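Chains A and B are the protein sequences, given in the same order. Take my numbering: the last position of the first sequence gets the number 768, and nothing is skipped along the way. Take my numbering: the last position of the second sequence gets the number 768, and nothing is skipped along the way. One structure below.
Protein chains: 2
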Amino acid sequence: MNALYDRFAGPARAALPRLTPAESAVVLRELARLERSAGPGALRDGRPAGSLFERLRGLAAEVPERLYTDSADVLLRMHEIAGSGNLQSNLSSLPLVRACFALGLVADGAQSGAGPAELIVGRGHIAPAFHAEHYVRGTLPFTPLATLHQGGLPGVVDRELGFRNTMRYSLGVGVAQAVGLAWELARRGTDRKVVCLAGDGELHEGVAFEALRFAHDVGLTNLVLVVDANAKGIEPLAKPVNTGYLAAYLGRLMEADGRDEWAVQAALGALLTLPGPSVLVCRTSKGEHSFRPADGTARGPARPSFAATAGRMLARHQERTGREMAVFTPDLAARFGLRGQVPYTNTGLAETLTVGMTLSLPEDTLKVVATDAMYYMDSLSMLTEATTSVRNLLVLAGRSWGAWGGAHNATNLLGLLLHTRVYEPVTPAEFAACLARLGRDPATAHVVSMVDAVFDPPGEDCSADIDGGVWLTPPGPDPADVAVVTFGYAGVLVDEANRDLGVPHLHCASLTPRLAPADLAVLRGCRRLLSVEYNGARGGFGEGLRSRHLLPVEVHGVRRDIARQVHARQLPLHGMAPDMLRERLARLLESREAGRAPAHA
Amino acid sequence: MNALYDRFAGPARAALPRLTPAESAVVLRELARLERSAGPGALRDGRPAGSLFERLRGLAAEVPERLYTDSADVLLRMHEIAGSGNLQSNLSSLPLVRACFALGLVADGAQSGAGPAELIVGRGHIAPAFHAEHYVRGTLPFTPLATLHQGGLPGVVDRELGFRNTMRYSLGVGVAQAVGLAWELARRGTDRKVVCLAGDGELHEGVAFEALRFAHDVGLTNLVLVVDANAKGIEPLAKPVNTGYLAAYLGRLMEADGRDEWAVQAALGALLTLPGPSVLVCRTSKGEHSFRPADGTARGPARPSFAATAGRMLARHQERTGREMAVFTPDLAARFGLRGQVPYTNTGLAETLTVGMTLSLPEDTLKVVATDAMYYMDSLSMLTEATTSVRNLLVLAGRSWGAWGGAHNATNLLGLLLHTRVYEPVTPAEFAACLARLGRDPATAHVVSMVDAVFDPPGEDCSADIDGGVWLTPPGPDPADVAVVTFGYAGVLVDEANRDLGVPHLHCASLTPRLAPADLAVLRGCRRLLSVEYNGARGGFGEGLRSRHLLPVEVHGVRRDIARQVHARQLPLHGMAPDMLRERLARLLESREAGRAPAHA
């Protein structure tokens, strides 16, 4: 009955132990207000009363007390409470954000037309800076801020939280959104300007260039690009933003000290009154990309994720084989633990080039590209160019699905390209087996899904036959009545869930396994079969078993858009938490008498 | 036993009627030489004697007579014989090509290290200009030239035909290949330069920017970019190439009259001797993009392909609904017949932006993007951004698979994105039904595969239920023993093949049809079922029927890399010519007694 309460109360109550007494008091007051009133968060005549943002604004008005007056303090607290995020990116843009507020560019809700121009936020991950500034200005309550990344407040810009645009998948999208909007306004005959707030890193993306080139060539006069030039992505940029390039396409270029909100406001205010397109380069500075709580006791010693051990495993492979290796990553060396392990080339935020860099190398060189699985989705033609013409190609596809979400079945799409095979190893031996397989079959690109999670490896693995399956729980002497077949990381989750159930469990590292006849015979004999993959179900592992073998597998996988939350919170939202899997397996056992199950779980 | 003969003899003999008497005489002499000798095209010690290019070179030496001394004449004859191609693009670059030959940049075969620099040809479709120049210089025979686009000589650069690089899929790939090679040479400590021959249109591609930005930021000093600035893609470019941009990333910029090979040679020669990166902008001119034989009698009146009727069908839809429409295409308006039918925006050669342009438009506007199916493959993240946040999105995906090849299952990948459904209409009524369906379900992006072929529509279609199937050949009163189910254009081909066989034939316009229970019952009752799709089999229509319904469908689809040939020659290479389909259907009938068929056809 109260969407606002339903959304924020749970995560906010979970955050209470991490709040100061004053913060707790305010959150409880706000929640009480929400809960008892049919007020701003409730239904009016059976319909939500205004947008989510408007309702939050209403709540802020009802509980007007402010705990902080400086949005930098609010940002720090949001990240301390969340325990993760991009505090420094937010701080680097904060003066720019304040200038946008001061100039009236931040709309009240999603409606456009107010203020002197439209604002598109291309640096999507600085949404928290806007939320913090809204808080100190009295237009957001504290409660949502305490739920950042934890199921309440998303970390990226979203129309329902007062932004003009929503960003989900790609860096550089914001510039395209801004140019698309500027074109639409021009087409309608207005000269209303569009301000696009972008980062110097995201300008590396090819699509940002495509947008600026188009804007120039068709003569758009209403685009104002504001660049947070902090000269840093995750690693420092190789060179500062190229002002010659920007001036060649946008004409008027101004620079400002981006650490000084008044300087930014003055310069941007001037550009808004001048005719024609322009660019404002704000020189800012940024600390460490990823937030780590200053209080080291808050977390145990950081154990690396499986993905972060990739560098070490590659180094071992190189020692063992002596093979020349060329590693390319678009600013994600840290995620794969490359530094200090293997030489690598940081190609900047330019995924398509990263793949393209493999096209001209000697045949025998092991070519490694390493980025997030979803970032390949804008490079599949280039990747096909590589899979059809390059030998010894290893594609590392990170699997995090963190705050940005992702293409839920990116792995499946990669597997559909010509001359590719996809694996998701969960032990160093399986990873090594993928590399050994590539050595034996160098004309096939090996796509290796690398899970960004910390987990204990299962007792057995597929390293002896990376294309086959291994029974983590073997069937007993009698013919099995039910069984579960898993792909990659899901095998780890199911293994835990299955500990005291004993459902026969076949684990595969290959997305399209070549099962041994004996294993296939066991599966064919089962009355009910479940497949589990922490992966998009459509076109994935389980559907492949149905299609290739006509096995009546009940497919358990990700079916909807991936949840934009930290790993532990993602799992239950996709039915992948071990207790949920345990329940799913138990149902399999209980229904021995129920006959065939429906086609899909 | 003679690979050279096997490859060129068939297409060359087929071309004989289109050759002059002198050309015919030379071709027959070359073929005779090839056929009777164990010479340059044959095996030596059971292995091919040198690369394809080296063997062709050997043949040219053995039959040294030259019919033409001007490569422009040769190019014209190649295109007259082929009947299609990009003559004007080749002519616009011909002086640049001649300058590359004169400077010793064109390697003899694929080996590198010779000549003053490495040459990467980014304008992949000017391969014929190199072949023509090779011919007049005595390093290629005439026979392969007479087989352009007809199964002998490919129209794009290929390592096996004397180029340093192969291009298959993406515009802009060549610049990435050049930068990757320059980076590799720098890493090895040489200062050998890489010359990249690019077009001004392909510089619109985001990846070309990614490559130049990277080259600049990591300080590559060995890249020389040569731009054929003819100011024209298929349509004229909105603005000439931006020299300020190029100078901002490459430093030294020279301009030359690109119609004057001596001017190009002098400027490029100078740049090769100077230290550091540079760019040479060659001002050229270009006529009509697509070659049409001057002799109008060679072809009947041009009947438009189905894809080329899209503009008219969209115009009708707009008249009918009055809905606001925004159409974006990356220079492919002609292919979809947009001009004169609906207003459209040519976004230049920038597919990702083309998709991105839809993100900021009003909800009710019908957003249409129109390009080749394979060109979406470098924009699937951006497309997911659109399919998750935009309403009323129509994605027209051209299906030609011409000289460039393509991602054989691009349509399947598009169908795996969130919130998409894929159709391949073959009648105007089916196309209209797709649009009507989008009107009823605006939150789902409708991907409409548009076939670039001329064909007669089948007698029945799926317009009454675009998600279902329609029997083009209905089953008789007795239960059907065999049946064929087809997707889109394959239904037209099968309908022709099936004319006197009478195999029950269910035609579907949807890639993932929702079959009526009665139709499904017919299929379930069949002992043998065939599915046919002119589409990648992996993850496609037939495999979907197996996966969703556990039907033992024998899947007939495209399994290997798509053939880079004109449509009529592609069909037999993928088992899709009606006589081959007829034979396939007949086998289905003959094996009534043979029991279940294997999983895949």
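Just so it is clear, CB atoms sit at the ideal spot from N, CA and C, and this is done for glycine as well. Everything numeric in this text was worked out from a predicted model, so none of it was measured.
>> Quick check on the DSSP output: what are the complete beta strand (DSSP E) runs of length 3 or more inside the region 672 to 755 of chain B, in order along the chain?
In response: 672 to 675, 695 to 703, 720 to 725
> Among all the DSSP beta bridges, which residues are the ones paired with residue 638/A?
Replying inline: For the purposes of this step, residue 638/A is taken as the residue at position 471 of the first sequence. Partner(s): 673/A.
> Applying the criterion that 16 or more other CB atoms from any shown protein chain within 10 Å of the CB defines a buried residue, is residue 175/B buried or exposed?
Replying inline: One-based indexing of the second sequence puts residue 175/B at position 8. Buried is the call here.
> What number of angstroms, rounded off, separates the C-alpha of residue 453/B from the C-alpha of residue 696/B?
Replying inline: Taking the second sequence and counting its residues from 1, one reaches residue 453/B at position 286. Taking the second sequence and counting its residues from 1, one reaches residue 696/B at position 529. Going from the Cα of residue 453/B to the Cα of residue 696/B covers about 52 angstroms.
>> I'd like to check one pair, residue 561/B with residue 613/B: are the Cβ atoms closer than 8 angstroms?
In response: Residue numbering aside, residue 613/B sits at position 446 when the second sequence is read from its first letter. Residue numbering aside, residue 561/B sits at position 394 when the second sequence is read from its first letter. Result yes, Cβ atoms of residue 613/B and residue 561/B sit closer than 8 angstroms.
>> Does residue 331/B pass the burial test, meaning 16 or more other C-beta atoms within 10 Å, or should it be called exposed?
In response: In the second sequence, the residue the question calls residue 331/B occupies position 164. Label assigned to residue 331/B: buried.
> Closer than 8 angstroms, Cβ to any Cβ of chain A: which residues of the region 237 to 253 of chain B, in chain order?
Replying inline: none
> How far does the alpha helix (DSSP H) with residue 384/A in it reach, from first residue to last?
Replying inline: Taking the first sequence and counting its residues from 1, the one referred to as residue 384/A is at position 217. Note, residue 384/A: alpha helix (DSSP H), 373 to 384.
> In chain order, what residues of the region 725 to 744 of chain B put their CB closer than 9 angstroms to some CB of chain A?
Replying inline: 727, 728
>> Just to confirm the assignment, what range does the beta strand (DSSP E) spanning residue 449/B have?
In response: On the second sequence, residue 449/B is found 282 positions in, with the first residue counted as 1. Start and end: 445 to 450.
> Is the beta carbon of residue 617/B within less than 7 angstroms of some heavy atom of the ligand NAD?
Replying inline: Of the ligands one can find in the structure shown there are none, so the ligand NAD has no counterpart to examine.
> So what does DSSP say about residue 362/B, is it helix, strand or coil?
Replying inline: For the purposes of this step, residue 362/B is taken as the residue at position 195 of the second sequence. Reduced to three states, the DSSP call for residue 362/B is strand.
>> Is it buried or exposed, residue 357/A, if we count other Cβ atoms within 10 angstroms and call 16 or more buried?
In response: Residue mapping note: residue 357/A aligns to position 190 of the first sequence, counting from 1. So residue 357/A ends up on the exposed side.
>> Against residue 383/A, what residues of chain B qualify as contacts under a CB-to-CB distance less than 8 angstroms, listed in chain order?
In response: Position 216 of the first sequence, counting from 1, holds the residue named residue 383/A. Under the 8 angstroms cutoff, chain B gives 406, 409.
>> Counting only Cβ pairs nearer than 8 angstroms, list the residues of chain A close to residue 485/B.
In response: For the purposes of this step, residue 485/B is identified with residue 318 of the second sequence, where counting begins at 1. Going along chain A, no residue has its Cβ under 8 angstroms from residue 485/B, so there is no contact; the nearest lies around 16 angstroms.
>> Rounding to the nearest angstrom, what Cα-Cα distance links residue 720/A and residue 530/A in this structure?
In response: Locating residue 720/A in the first sequence gives position 553, counting from the first residue. Locating residue 530/A in the first sequence gives position 363, counting from the first residue. For residue 720/A and residue 530/A, the distance between alpha carbons rounds to 41 angstroms.
> Taking the alpha-carbon positions, what's the residue 640/B to residue 754/B distance?
Replying inline: Position 473 of the second sequence, counted from the start, is the residue given in the question as residue 640/B. Position 587 of the second sequence, counted from the start, is the residue given in the question as residue 754/B. So the two alpha carbons sit approximately 18 angstroms from each other.
>> Can you check which of these residues, 603/A, 731/A, 542/A, 373/A, is closest to residue 314/A by C-alpha distance?
In response: Position 147 of the first sequence, counting from 1, holds the residue named residue 314/A. The shortest C-alpha separation from residue 314/A is found at 731/A.
> Between which two residues does the beta strand (DSSP E) carrying residue 587/B extend?
Replying inline: On the second sequence, residue 587/B is found 420 positions in, with the first residue counted as 1. 587 to 590 is the span of the beta strand (DSSP E), which, as asked, contains residue 587/B.
> For residue 321/A, which residues from the same chain have a beta carbon less than 6 angstroms from its beta carbon, with the 5 sequence-adjacent residues on both sides left out?
Replying inline: Taking the first residue of the first sequence as 1, we reach residue 321/A at position 154. Counting only Cβ-Cβ distances below 6 angstroms, and skipping sequence neighbours, we find 731.
> Does residue 315/A get closer than 8 angstroms to chain B when you measure Cβ to Cβ?
Replying inline: Within the first sequence, numbered from 1, the residue matching residue 315/A stands at position 148. Judged by the 8 angstroms Cβ criterion, residue 315/A is not in contact with chain B.
> For residue 126/B, which residues from the same chain have a beta carbon less than 6 angstroms from its beta carbon, with the 5 sequence-adjacent residues on both sides left out?
Replying inline: The shown model of chain B, from 168 to 768, leaves out residue 126/B, and the question about it has no answer.
> Using a C-beta to C-beta distance shorter than 7 angstroms, which residues of chain A count as neighbours of residue 506/B?
Replying inline: Residue mapping note: residue 506/B aligns to position 339 of the second sequence, counting from 1. In chain order: nothing, as chain A lies at least about 17 angstroms away.
> If residue 394/B and residue 367/B are in contact, beta carbons under 8 angstroms, what's the gap, nearest whole angstrom?
Replying inline: If you number the second sequence from 1, residue 394/B lands on position 227. If you number the second sequence from 1, residue 367/B lands on position 200. So it is a contact: roughly 6 angstroms between Cβ atoms.
>> For the region 690 to 707 of chain B, list every residue whose C-beta sits within 8 angstroms of some C-beta in chain A, in sequence order.
In response: 703, 705, 706
>> Tell me which residue opens and which closes the alpha helix (DSSP H) that residue 392/B is part of.
In response: Here residue 392/B refers to the residue found at position 225 of the second sequence. Where residue 392/B is concerned, there is no enclosing alpha helix (DSSP H), although the beta strand (DSSP E) it sits in stretches over 390 to 396.
> Going by other Cβ atoms of all chains shown within 10 Å of its Cβ, with 16 needed for buried, is residue 621/A buried or exposed?
Replying inline: Locating residue 621/A in the first sequence gives position 454, counting from the first residue. Answer is exposed; the Cβ neighbour count stays below 16.
> Just by C-beta distance, which residues in the region 536 to 556 of chain A are closer than 8 angstroms to chain B?
Replying inline: 541, 542, 544, 545, 546, 547, 548, 549, 551, 552, 555, 556
>> DSSP three-state label for residue 650/A, please.
In response: In the first sequence, counting from the first residue as 1, residue 650/A sits at position 483. Here residue 650/A sits in strand by DSSP.
>> Counting only C-beta atoms, is residue 523/B closer than 8 angstroms to chain A at any point?
In response: Against the second sequence, residue 523/B aligns to sequence position 356. Judged by the 8 angstroms Cβ criterion, residue 523/B is in contact with chain A.
> From the beta carbon of residue 579/A, is the nearest beta carbon of chain B less than 8 angstroms away?
Replying inline: Translated into positions along the first sequence, residue 579/A becomes position 412. Chain B, which has a Cβ nearer than 8 angstroms to the Cβ of residue 579/A, makes this yes.
>> I'd like the list of long-range same chain contacts for residue 257/B, defined as Cβ closer than 6 angstroms, with 5 residues on each side in sequence excluded.
In response: In the second sequence, counting from the first residue as 1, residue 257/B sits at position 90. Excluding residues within five positions, the ones whose Cβ falls inside 6 angstroms are 242, 293, 295, 296.
> alpha helix (DSSP H) containing residue 316/A: first to last residue?
Replying inline: The residue you call residue 316/A lines up with position 149 of the first sequence. From DSSP, residue 316/A is part of no alpha helix (DSSP H); its letter is neither H nor E.
> When you compare each of 221/A, 556/A, 353/A to residue 327/B by their alpha carbons, which one comes out closest?
Replying inline: In the second sequence, the residue the question calls residue 327/B occupies position 160. Cα-wise, what sits closest to residue 327/B is 556/A.
> Across which residues does DSSP place residue 538/A in a beta bridge pair?
Replying inline: Residue numbering aside, residue 538/A sits at position 371 when the first sequence is read from its first letter. Paired residue(s): 564/A.
> With respect to the beta strand (DSSP E) encompassing residue 456/A, which residues constitute its N-terminal and C-terminal limits?
Replying inline: Against the first sequence, residue 456/A aligns to sequence position 289. Where residue 456/A is concerned, there is no enclosing beta strand (DSSP E), given that its DSSP letter is neither H nor E.
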